[in-house]
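These protein sequence lines map, in sequence, to chains L and P.
Sequential numbering of the first sequence, starting at 1, is according to our numbering.
Sequential numbering of the second sequence, starting at 256, is according to our numbering.
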Amino acid sequence: MMNSLRNFALSLVGITLVIGLWAMASAFWSADLPSPMKTWEESKLYIMQPLEKRGEMDQGIGLLAAYSLVRVAKGFLLGILFGAPLGLLLGASQLLSKMFDPVIQVLRPISPLAWLPLGLVLFRQSEPAALFTIAICSMWPTVINTMHGVRAIPQDYINVAKVLRLSPWKRFTKVLLPSTLPYMFTGFRLSLGIAWLVIVASEMLTGTPGVGGFLWQEYNSLIYSHILLCILTIGVVGFTLDRMMAFVENKLRTA
Amino acid sequence: MRPLEITSLTKTFYTPTGPQTVVRDFNTKIQPGEIVALLGHSGCGKSTVLSIIAGLQDATAGGVVIDGREIDGPGLERAMVFQSPSLLPSLTALDNVLLAVDQAHPKNRRKQNRERAQKYLRLVGIEEYGSQRPAELSQGTQQRVAIARAFAMEPRFLLLDEPFGALDSITRCELQDLLVDLCAAKPRTVILVTHDVDEALLLSDRIILMTDGPEARVGREIDVALPRPRSRTAVMDTPAYFAMRNEILEFLESHSKQFQH
Ligand SMILES: Nc1ncnc2c1ncn2[C@@H]1O[C@H](COP(=O)(O)OP(=O)(O)OP(=O)(O)O)[C@@H](O)[C@H]1O
Ligand SMILES: [Mg+2]
Numbered sequence: 001m002m003n004s005l006r007n008f009a010l011s012l013v014g015i016t017l018v019i020g021l022w023a024m025a026s027a028f029w030s031a032d033l034p035s036p037m038k039t040w041e042e043s044k045l046y047i048m049q050p051l052e053k054r055g056e057m058d059q060g061i062g063l064l065a066a067y068s069l070v071r072v073a074k075g076f077l078l079g080i081l082f083g084a085p086l087g088l089l090l091g092a093s094q095l096l097s098k099m100f101d102p103v104i105q106v107l108r109p110i111s112p113l114a115w116l117p118l119g120l121v122l123f124r125q126s127e128p129a130a131l132f133t134i135a136i137c138s139m140w141p142t143v144i145n146t147m148h149g150v151r152a153i154p155q156d157y158i159n160v161a162k163v164l165r166l167s168p169w170k171r172f173t174k175v176l177l178p179s180t181l182p183y184m185f186t187g188f189r190l191s192l193g194i195a196w197l198v199i200v201a202s203e204m205l206t207g208t209p210g211v212g213g214f215l216w217q218e219y220n221s222l223i224y225s226h227i228l229l230c231i232l233t234i235g236v237v238g239f240t241l242d243r244m245m246a247f248v249e250n251k252l253r254t255a
Numbered sequence: 256m257r258p259l260e261i262t263s264l265t266k267t268f269y270t271p272t273g274p275q276t277v278v279r280d281f282n283t284k285i286q287p288g289e290i291v292a293l294l295g296h297s298g299c300g301k302s303t304v305l306s307i308i309a310g311l312q313d314a315t316a317g318g319v320v321i322d323g324r325e326i327d328g329p330g331l332e333r334a335m336v337f338q339s340p341s342l343l344p345s346l347t348a349l350d351n352v353l354l355a356v357d358q359a360h361p362k363n364r365r366k367q368n369r370e371r372a373q374k375y376l377r378l379v380g381i382e383e384y385g386s387q388r389p390a391e392l393s394q395g396t397q398q399r400v401a402i403a404r405a406f407a408m409e410p411r412f413l414l415l416d417e418p419f420g421a422l423d424s425i426t427r428c429e430l431q432d433l434l435v436d437l438c439a440a441k442p443r444t445v446i447l448v449t450h451d452v453d454e455a456l457l458l459s460d461r462i463i464l465m466t467d468g469p470e471a472r473v474g475r476e477i478d479v480a481l482p483r484p485r486s487r488t489a490v491m492d493t494p495a496y497f498a499m500r501n502e503i504l505e506f507l508e509s510h511s512k513q514f515q516h
C-alpha cells in the first residue's frame, strides 16, 4: 500500500519534470512549440466536449479516438485472423516454417508507410487500404508467438494425444489450443500495440477522420497545439490498451 | 488369446555423434493376464522398449506382435501411464479420465462413460478432486488421476513407465497397494517399468532383467512365485522373497559398470 502510494507520487514527479522540460523548450528553444498552458487553452474544447461533432475533422477528441479505435480494432482482428492460423501452421509443420521463415523475416520490418501505397493500389479506397496496412504490419508478433507456442507444447501432452488416439479436432481443442493460448495472447498484445502505432501513419496518408487524420490536418492548418493534444491522446489510449491486454494475458496464464 | 510377442527388438538412435544402438535383440513373450516387471539400470533402455510397445516409437528392427499382427502405432487396447502424470492441463481431473474413456469406448452413452470415469477416480481414492485442474493437485494426486485414466480405459494391456518414480515413499506405497488391488479386481496384462527391486517383487509375476546399454537385451527372467494376494509385510517374511531379491541385486551389480573390475 505504502509502496504503491510512493510509486504513484514518483510517477507524478516524473510527469511534472517532463511538462517542465516541455515548458522550457517552448519558452527558450522553439517559438513554434506551444507551451503546456497554451496547449491546454486551445485543446480544452476538444477535451471537455469529447463527443461533440462540429465538422468532418473538427470533432471532440473522444470521437476522434473512437474512430481510430474502431479502425484499429478492424485491422487488428483482420491481422490476427490471418496471423493466428498462420502461426499454428508454421509451428506444426517444420516444412512450412522452413519454407516461410525467410519471407516473414523480410516482410516483418517493412514500415506501414511502405505498405499503405500498395494497399491503395490493391483496394483503390482509403479505408480498406488502411485496414490492410494495419493488419499486415501488426500480424507478425501473433504469427511468431503462436508458432513458438505450438513448438513449446510439452512432448508429454503430444504422447498422451497419440496414446489416446485423439482425432485431429480433439488434438486441436484439447491439446494444441489450450497450451498455445497464453503464447498467442502475448502475440495479440504486441500486435495490438503495433496496430495502434500504425493507425496514425495510415490515417495521415489517407486523410480519414481519426486521431491521426486530425493531427495531420491541424499541422497543415498550423494549429500546433492540437498536434500535442493528439500525441498525448495516442499515448494514453495506447497505454490503456496495453494494460487491458496485459490484464487478460495474466488471467490466461494463471487459469 | 495369444501372448504379446517381442521379437528381435532393436532400436538405434541416429544422433549427431553417430548411431547409438540402445536395445539389440530383445526377445520375450508376455502371456495374457501376466504382470511383468522390466527392471534395469537407469538409461539401459526400459522406456525405449515400453514406448515401442506403446507404439510411440518405431523399432529399427524386429517388432511387437499382438494377436498375430505387428503393431504400427498406438492403439486403444494399450493404455499407458507415463513417468510424469502428463494430464492435459486445461481439463479437470474427471475430464482427463473421461476423455480417455470416451476414446476407448466411443459407442457407450456419455452418461455411462461419465459414471465409469467417476468410478475409477473413486477407486484411486480422489473422487472429491474430480472438478479440479491438474495444476491445483499435488504430484501424488495427479499420478493417481493418470492411473485412473489408464485403468478406466479397461485396456487389455497396461504399460506403466515408472509410474511411482517421482513420488514420496508413503504415496508410492499407497499407489503400489492400489495397483495390486486393481489388478486383483480385474486381471489384465501389465508391463511395469521400474528400477525398484521391491516394487517389482511386490507387483509382478515375472521380472525381466535387462543388461546394461548400449545394446541392452534380456539378461535374465525370474518367475516371482509368491502367493497372491500379496501384502507388503507378508511378502517380506518369506525366504523366497530374499532369495529372489539377492539374485536380482547380484545380477544388477554384476551388470553395473561401476562394480565391474
Ligand atoms: N530420442 C532419443 N535420441 C537419442 N538417444 C536417445 C533417445 N531416447 C533415448 N535415448 C538414449 O537411449 C538410452 C536409453 O534411454 P531410456 O530412456 O530408454 O532409458 P531408461 O532405461 O528408461 O532410463 P531411466 O531409468 O533413466 O528412465 C539412453 O542412453 C538415452 O540417452
Ligand atoms: Mg525411463
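A virtual CB, placed ideally from N, CA and C, is assigned to each residue, including glycine.
Note that the structure is predicted; figures quoted are calculated from it, not measured.
Alpha-carbon to alpha-carbon, residue j and residue i
i	j	result
P/Tyr269	L/Pro178	33 Å
L/Ile227	L/Leu116	22 Å
P/Thr283	P/Leu437	25 Å
P/Ser306	L/Ser111	50 Å
P/Glu417	P/Glu260	22 Å
L/Leu51	L/Cys230	15 Å
P/Arg500	P/Leu293	15 Å
P/Thr267	P/Cys299	13 Å
P/Met491	P/Arg483	13 Å
L/Phe100	L/Leu164	32 Å
P/Ile357	P/Pro258	Residue 357 of chain P is actually Asp in this sequence, not Ile. Near 27 Å, if we compare the C-alpha coordinates of P/Pro258 and P/Asp357.
P/Ile446	P/Phe419	14 Å
L/Thr233	L/Glu203	15 Å
P/Ala405	L/Tyr183	30 Å
L/Leu197	L/Thr208	16 Å
P/Leu343	L/Lys162	13 Å
P/Met465	P/Gly474	5 Å
L/Val248	L/Gly193	15 Å
P/Ser509	L/Asn159	35 Å
P/Pro271	P/Tyr384	45 Å
P/Val448	L/Gln155	19 Å
L/Met147	L/Val72	24 Å
P/Arg368	P/Arg324	The displayed chain sequence assigns Asn, not Arg, to residue 368 of chain P. Their backbone Cα atoms lie some 29 Å apart in a straight line.
L/Ala5	L/Asn250	Reading off the sequence, residue 5 of chain L comes out as Leu, not Ala. Approximately 23 Å, taken between the alpha carbons.
Which of helix, strand or coil DSSP assigns to residue i
i	result
P/Phe412	strand
P/Ala316	strand
P/Phe268	strand
L/Pro36	helix
P/Thr449	strand
P/Ala421	coil
P/Leu259	strand
L/Gln59	strand
P/Lys441	coil
P/Val379	coil
Buried versus exposed call for residue i [16 or more other C-beta atoms within 10 Å across all chains shown]
i	result
P/Ala314	buried
L/Phe8	exposed
P/Gln431	buried
L/Trp169	exposed
L/Ser26	buried
L/Leu222	exposed
L/Leu260	Missing from the structure shown is residue 260 of chain L; chain L here goes from 1 to 255 and no further.
P/Gln515	Any reading at P/Gln515 is ruled out, since the residue's pLDDT is 45, under 50, leaving its predicted position unreliable.
L/Arg211	Sequence inspection shows Val at residue 211 of chain L; the Arg mentioned does not correspond to that position. L/Val211 is buried by the Cβ-count criterion.
P/Asp350	buried
P/Glu370	exposed
P/Leu457	buried
L/Ser225	buried
L/Met139	buried
One or two residues paired with residue i in a DSSP bridge
i	result
P/Val291	P/Ile446 and P/Arg461
P/Gly273	P/Thr270
P/Asp232	The first residue shown for chain P is 256 and the last is 516, placing residue 232 of chain P beyond what the model contains.
L/Phe28	Answer by DSSP bridge pairing: none, since L/Phe28 is not bridged.
P/Glu325	P/Val320
P/Met335	P/Leu414
P/Phe281	P/Leu264
L/Lys98	Looking at the DSSP assignment, L/Lys98 forms no beta bridge with any residue, so it has no partner.
L/Lys53	L/Gln59
L/Val70	None, per the DSSP bridge assignment.
P/Val400	Per DSSP, none; premise fails for P/Val400.
L/Ala9	Per DSSP, none; premise fails for L/Ala9.
P/Val473	P/Met465
field: Contained beta strand (DSSP E) runs [length at least 3] in the region 151–200 of chain L, N- to C-terminal order
entry: Correct list: empty.
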